[in-house]
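S.K.:
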Amino acid sequence: MCRLLSVAVLCFLSCCTPAALFAQASSPAVEPVIAAASSEGEQAIAGFKKPDGWTATLVAAEPDVANIVAFDIDRKGRFWVCESFRQDIGVTDNRGHDNKWLRADLAAQSVQDRIAYHKRLLGDQAITYEQQDDRIRLLQDTTGDGRLDKATVFASGFNGIEEGTGAGVLAVEDDVYYTCIPKLWKLNDLNGDGKSDQRTALADGFGVRVAFRGHDMHGLIRGPDGRIYFSIGDRGYNVQTAEGNHLFDPGSGAIFRCELDGSDLEVFATGLRNPQELAFDEYGNLFTGDNNSDSGDRARWVYIVQGGDTGWRMNYQYYGDRGPFNREKIWHPFHEEQPAYIVPPIANFADGPSGLTYYPGTGLSDDWKGRFLLADFRGTPANSGIRTFRVKPKGAFFELVDDQQPLWSILATDVAFGPDGGIYVSDWVDGWVGQGKGRIYRFADPEYSESEIVKEVQSLLAGDWNAMQEDRLVALLGHADQRVRLAAQWQLAARSDAEAFRRVIQDPTLSTVHRLHGVWGLGQIARSEGLSADLIQAIEPLVVDGDPYLRAAGADLLGSLPNYTVSRHLRDAIDDQDDRVKYFAAMAVGSLRDSESFDAIVRMLERNNNQDPILRHGGIMALSQIASSSQIAELKDHPNRSVRRAAVVGLRRHASPLTAEFLSDYEPMVALEAARAINDLPIAEALPALADQIARPTDDDALMRRVLNANFRIGSNDRLVAVARYAAEPSASESLRLEALEMLSQWKQPDALDRVINHWRPMKPRPDAEVAAAVTDQLSRLLSAPEPIANRAIELAAELEIAEIAPQLISRLSDESIDVQTRAAAMLALAKLDPKGAPGFAGSALTADQPELRIAALRVLARLDAGNLMPALRDAIASENPTERQVAWDLLAANESAEATHQIEDGLQQYIDGDLPEDVWLNVVEAAKGRVNPSLASDLAAAEARWAQDDALANYRASLVGGDRIAGEKLFFEKTELSCVRCHRVHRQGGQVGPVLTTIGAQRDRKYLLEAIVRPDAAIAKGFETAVIADDLGQVFTGIIRDETDDEVRLMKADGSEVTIPTEEIVARRRGKSAMPEDLVKQMTPREIRDLVAYLESLKVDPRASGGEIE
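What the sequence shown shows, in mature numbering (1 follows the signal peptide of the UniProt record, and there is no 0), is residues -19 to -1, 1 to 1092, in sequence order.
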């Protein structure tokens, strides 16, 4: 796994001493707590699922290594391991902080901004963020027995408040690259003692925001072009490169690349959420697995192309429904209605993609050729492991095929092939934050891992490449092992041996991959010193070669030559019969700014007709580079809508105001694409044109949200009137009318977060806006609207103190034909507008049959008529309606009178005595805090201690009954801090990591549900609890508990077979941890716990009616 930062201060850093380069943390980190050596790692092997005939060997474990995030294996078989001891200690997560913290994070534009708000909000606690360390361990096999018997801390001290997680490492010759936010490091061991004594920051400025823990810098890999590639999650970046370029996006994940010395750092692709690892196939295609957003969306398998944007923005995370990401189906595989500016995923795949590698070609059978291996990390070993699959070309794009799970029941963080033919997997062991344990296992097929070709590969990789003859290197460009081929290519490129590469690319008898390495090698030389004219002439015929991979690679190479004069053959390749060739030809002419290719690119887009997203992307990239904004805008009259959509995205890449000319397109998808560009970038000059579209409303939600937002952001009086009219428009959708009303509510004091994409875009207050007048003009239409709109309009009128509405409110109060919720809203609004008259109406409503009206009346009296409140509250706490009882106790808590205190003390005594209704336990306990007399408080403490002796849930008993089911559902699906829906499915919506909960309420009682929330390790669902059991014969069994009685335990082993172990024969047992985070309860208030229990308890759909979805 790998990471990268920037080259902004490269020149300065190169002049610094090693000590100066590393003087960041204010104090040394404490020594991490690492578990002692044990037999656990060996015992765990019995629980692994692996192919028949394969071996599994533990090669390293604690205390030699712990908390393994990622690792790399160099050519000599040495392991470079990223260890992290800062999870939830120095590397935090927005889910563990309040809204003030979150808004500070969303506002951050640089790493310095993040440091500043950390210190401001943490105060004296800021120093605790520097007490733990991330580091690199060097593990070596010094005896040749396959065990990594020597462990050295190669580099440590990455414990600054701004640092971590160190999540990527890559060894290249004598250099070790390390990605640890906020820097990309190059580390060197100058004296050979296994410890870094020279550290150089190649780039700085990564990790502008906190976002989620684990969204770090990672993915370090050396590409076939010889450059370093790495990734960052959606913590963003603000980097000044040594060449003077500013790389800036504070809220998106990205892929970067640079030369080995850190120069020419560039953003390669963006719009990712958390692409932890990268892998190239043998044809030079780059892929990653991108994590989901915990909202029922799925993780994504992504083809990474230059200039690509896969559509994620960090700010989406803090919309309950993830905003456009879900609403506009950005995370779905390609479909025509998606935004055209994105490169969609190939497939929705896996749940926690982390480590990733590609089969190099030796060590396994031919069945493994073309396979990727992906670590799927799900928080618990039982449900985690290594997936393998292939990609199959589909035009210029791909499809995912042949998915398997060869290695399972291991909490894998990373996976890599060793020079010895083995597959190495790092094991996090358990949970999410690390337990001071860590293992590395070797999986191998002895039939192939002990073959002669593996021994040859091992010898070659560890050999002296500098001493190797040219003819041998040229031959090795066609070797069966990708690592050998690349090593040969990089060695020839280091020697600037362009003639050797020329011979390779011109020899049609050689294999495709052999010749591709020749092309890539020439590309390396071209970047470092340029190519002669005759070499360029030798490359040009590649674009008409009989092999489409060579034609594509040739076009790609020609496109990278800055002074190349585009040939007819390259332009003709835009219309090649092979889609891959078309794509690279389009990218090439775009890179070369070849304006003569404009018509060919337009024809390609027209023929593609939006069917291949990679061809679409290539055409858009070319348009944006070879044509001016005005030339692209002329395509607004093109008869093909796919061309017009591509033109819009081309203008988007220019941030051109001419984008507005496409807003009136008769095809809704084209107009929407223009609206996305104008609002989302934004393009300020085009905002008025977008706002004008409110005069021609459509039923397109995504378009009209942006139209409304444009009016809101402009904020002039005519825009205000337009939004008020839209809110009252009967033909508009309910959701959009409610959105318009919310805008009117915020008009004078706009929130800093954009209402469509949630980006931090502060606006100045507008205190003089005539909002009341605009709303008053539309009141009659608003009040005749359906209930949700009318109720919100009433609330808004009260907020704006529109006195004219009072008579209408009074009329509604007495009209029994009107919905009770609307009448209740009218009473609450009347309290704001007529504080003298409202108590009279409230008093009358206390005897109403409907509890909603009685509750509203209580709230009005609590605000305006304290004298008549207490008798009403005494009646209400005895009501048959549980919600009315709860509201009454809450109003008593807010009342500071002695009479209220006495009533609360009576209620608390009933609680202690067991006479209080369960559904108000929590309300009374909260009301009593700091309020009751010392004697009663002592009685409560004694009762709680007594209950705790017999009930492990005693501290949470008040949250067992009385929750709000609807509020609980919102928590389940929308609260980011909980992310329930990431792992659990309800009615086919949600993740597949944990148990399906569609019918959980029919299967389990409230107490079980409460325990599952607050003590997840005590209530692991059947089919998800793992155990390691030793019997009296010395046998060790590992698996998932299928059933357990007093007499026996039935385990399902990793291979699917079952074993029954008599209880009397069990001599030792170790239970696996739940994948559900232990500290989940810290993210909820007691009331939220109560609401969530209520929602889960309500899930009682018959399994047959839900398609058999049971736990």
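Heads up, the beta-carbon is just placed ideally off N, CA and C, and yes, glycines get one too.
Computed from a prediction, not measured in an experiment: that's the story for all the values here.
For residue 274 and residue 931, what's the separation of their Cα atoms in angstroms?
M.R.: Taking the sequence shown and counting its residues from 1, one reaches residue 274 at position 293. Taking the sequence shown and counting its residues from 1, one reaches residue 931 at position 950. Approximately 40 Å between the Cα atoms of the pair.
S.K.: Helix, strand or coil: how does DSSP classify residue 162 here?
M.R.: Here residue 162 refers to the residue found at position 181 when the sequence shown is read from its first residue. If DSSP states are grouped into helix, strand and coil, residue 162 belongs with coil.
S.K.: Does residue 389 come out as helix, strand or coil in the three-state DSSP assignment?
M.R.: Mapped onto the sequence shown, residue 389 falls at position 408. Strand, per DSSP.
S.K.: Between the Cα of residue 190 and those of 452, 223, 144, spot the shortest distance and give me the residue it belongs to.
M.R.: Counting from one through the sequence shown, the residue named residue 190 turns up at place 209. With distances taken between Cα atoms, residue 190 lies closest to 144.
S.K.: State whether the stretch 414 to 421 contacts the stretch 364 to 374, with contact taken as three or more CB pairs (one from each stretch) at a distance under 8 Å.
M.R.: As far as the Cβ criterion goes, the stretch 414 to 421 does not touch the stretch 364 to 374, which means the pair count is below three.
S.K.: Report the residue from 129, 503, 680, 223 whose alpha carbon sits nearest the alpha carbon of residue 1146.
M.R.: The chain is shown only over -19 to 1092; residue 1146 falls outside these bounds and no answer can be derived.
S.K.: By Cβ distance below 6 Å, which residues in the same chain neighbour residue 559 in space, the five residues on each side in sequence not counted?
M.R.: Translated into positions along the sequence shown, residue 559 becomes position 578. So the qualifying residues of the chain are 529.
S.K.: Compare the C-alpha of residue 314 against each of 381, 250, 255 and name the closest.
M.R.: Here residue 314 corresponds to residue number 333 of the sequence shown, with the count starting at 1. Considering only alpha carbons, the answer is 381.
S.K.: For residue 1008, which of helix, strand or coil comes out of DSSP?
M.R.: Position 1027 of the sequence shown, counted from the start, is the residue given in the question as residue 1008. Of the three classes helix, strand and coil, the one that applies to residue 1008 here is strand, per DSSP.
S.K.: Need the endpoints of the beta strand (DSSP E) that residue 621 sits in, please.
M.R.: The residue you call residue 621 lines up with position 640 of the sequence shown. Premise fails: residue 621 is in no beta strand (DSSP E) and is neither H nor E.
S.K.: So, are the CB atoms of residue 602 and residue 650 less than 7 Å apart?
M.R.: Within the sequence shown, the letter at position 621 stands for residue 602. Within the sequence shown, the letter at position 669 stands for residue 650. In this structure, residue 650 does not lie closer than 7 Å to residue 602 by Cβ.
S.K.: Since residue 335 and residue 258 are thought to touch, with beta carbons under 8 Å apart, how far apart are those beta carbons, to the nearest angstrom?
M.R.: Here residue 335 refers to the residue found at position 354 when the sequence shown is read from its first residue. Here residue 258 refers to the residue found at position 277 when the sequence shown is read from its first residue. Correct: roughly 7 Å between the Cβ atoms.
S.K.: Measuring straight from C-alpha to C-alpha, what distance separates residue 199 and residue 1023?
M.R.: The residue given as residue 199 occupies position 218 in the sequence shown. The residue given as residue 1023 occupies position 1042 in the sequence shown. Cα to Cα, the separation comes out at about 38 Å.
S.K.: Just curious, the alpha helix (DSSP H) that residue 717 is in, first and last residue?
M.R.: Translated into positions along the sequence shown, residue 717 becomes position 736. 715 to 727 is the span of the alpha helix (DSSP H), which, as asked, contains residue 717.
S.K.: Going by C-alpha to C-alpha distance, which of 324, 408, 346, 311 sits closest to residue 52?
M.R.: Your numbering for residue 52 matches position 71 in the sequence shown. Answer by Cα proximity: 408.
S.K.: Around the Cβ of residue 928, are there at least 16 other Cβ atoms within 10 angstroms (buried) or fewer (exposed)?
M.R.: Locating residue 928 in the sequence shown gives position 947, where the first residue counts as 1. Counting Cβ neighbours within 10 Å, residue 928 comes out exposed, since fewer than 16 surround it.
S.K.: Of the residues 619, 638, 309, 212, which one's Cα is nearest the Cα of residue 609?
M.R.: If you number the sequence shown from 1, residue 609 lands on position 628. Nearest C-alpha to residue 609: 638.
S.K.: How many Å lie between residue 913 and residue 885 at the Cα?
M.R.: As a first step, residue 913 is located in the sequence shown; it is residue number 932 there, counting from the start. As a first step, residue 885 is located in the sequence shown; it is residue number 904 there, counting from the start. Using only the alpha carbons, I get a separation of about 8 Å.
S.K.: Note down, in chain order, each residue of its chain lying with its Cβ closer than 6 Å to the Cβ of residue 283, except the 5 sequence neighbours on either side.
M.R.: Here residue 283 refers to the residue found at position 302 when the sequence shown is read from its first residue. Closer than 6 Å at Cβ, skipping near neighbours: 269, 271, 291, 326.
S.K.: Please name the residue, chosen from 222, 182, 246, that lies closest to residue 211 on a Cα-to-Cα basis.
M.R.: One-based indexing of the sequence shown puts residue 211 at position 230. Per the Cα distances, 246.
S.K.: Please give the ranges of any alpha helix (DSSP H) in the stretch 378 to 435, keeping only runs that are unbroken, at least 4 residues long and fully inside the region.
M.R.: Listed in chain order, the complete alpha helix (DSSP H) runs (minimum 4 residues) inside the stretch 378 to 435 are 427 to 430.
S.K.: Apart from the five residues on each side of it in sequence, which residues of its chain come closer than 7 Å, Cβ to Cβ, to residue 457?
M.R.: In the sequence shown, residue 457 corresponds to position 476, counting from 1. For residue 457, where only same-chain residues beyond five positions count, the Cβ hits under 7 Å are 465, 466, 469.
S.K.: What residue range is occupied by the uninterrupted beta strand (DSSP E) comprising residue 820?
M.R.: Residue 820 sits at position 839 when you count from the first residue of the sequence shown. From DSSP, residue 820 is part of no beta strand (DSSP E) but of the alpha helix (DSSP H) over 819 to 826.
S.K.: Have a look at 868, 855, 901, 895 and flag the residue whose alpha-carbon is nearest the alpha-carbon of residue 880.
M.R.: In the sequence shown, the residue the question calls residue 880 occupies position 899. With distances taken between Cα atoms, residue 880 lies closest to 855.
S.K.: Which of helix, strand or coil does DSSP assign to residue 235?
M.R.: Counted from its first residue, the sequence shown places residue 235 at position 254. Three-state DSSP puts residue 235 in a strand.
S.K.: Using the three-state DSSP reduction, which class does residue 348 fall into: helix, strand or coil?
M.R.: Taking the first residue of the sequence shown as position 1, residue 348 is located at position 367. Correct three-state label for residue 348: helix.
S.K.: For residue 747, does the three-state DSSP call read helix, strand or coil?
M.R.: Residue 747 sits at position 766 when you count from the first residue of the sequence shown. Note: residue 747 maps to coil in three-state DSSP.
S.K.: If you compare alpha carbons, which of 60, 17, 492, 592 is closest to residue 460?
M.R.: As a first step, residue 460 must be located in the sequence shown, where it is residue number 479. That would be 492, whose Cα lies nearest to the Cα of residue 460.
S.K.: Please name the residue, chosen from 786, 47, 223, that lies closest to residue 17 on a Cα-to-Cα basis.
M.R.: Taking the sequence shown and counting its residues from 1, the one referred to as residue 17 is at position 36. Of 786, 47, 223, the residue nearest in Cα terms is 47.
S.K.: Distance check for residue 629 and residue 645, CA to CA, integer angstroms please.
M.R.: The count along the sequence shown starts at 1 and reaches residue 645 at position 664. The count along the sequence shown starts at 1 and reaches residue 629 at position 648. Spanning the two alpha carbons is a distance of roughly 12 Å.
S.K.: With 7 Å set as the bound, which would you pick, yes or no: does the beta-carbon of residue 175 sit closer than that to a beta-carbon of chain B?
M.R.: Annotation note: the requested chain B is absent from the structure, which comprises a single protein chain.
S.K.: First and last residue of the alpha helix (DSSP H) that includes residue 837?
M.R.: Translated into positions along the sequence shown, residue 837 becomes position 856. Looking at the DSSP string, the run of the alpha helix (DSSP H) that includes residue 837 is 832 to 845.
S.K.: For residue 196, is the classification buried or exposed, using 16 other Cβ atoms within 10 angstroms of its Cβ as the cut-off for buried?
M.R.: Taking the sequence shown and counting its residues from 1, one reaches residue 196 at position 215. Answer is buried; the Cβ neighbour count reaches 16.
S.K.: Once the 5 residues before and after residue 357 are set aside, which same chain residues still bring their CB inside 7 Å of it?
M.R.: As a position in the sequence shown, residue 357 is number 376, starting the count at 1. Only 331, 332, 333, 334, 365, 366, 368 meet the Cβ criterion.
S.K.: Whose C-beta lies closer than 6 Å to the C-beta of residue 851 among residues of the same chain, with five residues either side of it excluded?
M.R.: Taking the first residue of the sequence shown as 1, we reach residue 851 at position 870. Counting only Cβ-Cβ distances below 6 Å, and skipping sequence neighbours, we find 880.
S.K.: Any chance you could list the beta strand (DSSP E) runs of at least 3 consecutive residues sitting entirely within the stretch 47 to 92, in chain order?
M.R.: Correct list: 49 to 54, 60 to 65.
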